[in-house]
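Residue numbers (our numbering): 14 to 140. Presented below is the structure to which this report refers.
Shown next as structure tokens:
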């Protein structure tokens, strides 16, 4: 991976770590003013404040995550797209959670900072 690809992987890792830490403030700084999320529960448009509310109100805990099969592309110098498998463990609504998903995010450069403008997740299997 190039240095640019490493930057996108580090951003995605930091975003996931903010979920482990339940650090809504950190995650909110990484979300674009308009961000789309699509996954098993449907799709929605969020902004940093809405994401912060979702983090605080969520009935979940992420204990660990592990990426594999990571690929990064750059459609242009201000857009990075990452796709990967992620195994995530924790708790969802009081029940243990251990699942493998296929995720993708699009990061856009706003000035000197990268922001997540799209995140998708598809459940592949439950371990």
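Using N, Cα and C, we set each Cβ at its ideal position, and we do this for glycine too.
For this session: Round the Cβ separation of residue 120 and residue 50 to the nearest angstrom and send it over; I've been treating them as touching at under 8 Å.
Result: Incorrect: roughly 14 Å between the Cβ atoms, too far for contact.
For this session: Tell me, please, which residues DSSP counts as bridged to residue 74.
Result: Residue 74 pairs with 104.
Exercise. To the nearest angstrom, how far is it from the Cα of residue 108 to the Cα of residue 134?
Worked result: 20 Å
Exercise. Near residue 77, what residues of its chain come up, given a Cβ to Cβ distance below 6 Å and the 5 sequence neighbours on each side ignored?
Worked result: 102
Exercise. Among 41, 91, 100 and 104, which residue has its Cα nearest to the Cα of residue 83?
Worked result: 100
For this session: Assuming residue 114 contacts residue 131 (C-beta within less than 8 Å), just tell me the rounded distance between them.
Result: The Cβ separation is near 15 Å, so there is no contact.
For this session: Could you check which residue in 106, 98 and 116 has the C-alpha nearest to that of residue 81?
Result: 98
Problem set entry | residue 86, buried or exposed, once every other Cβ within 10 Å from all chains shown has been counted against 16 | It counts as exposed.
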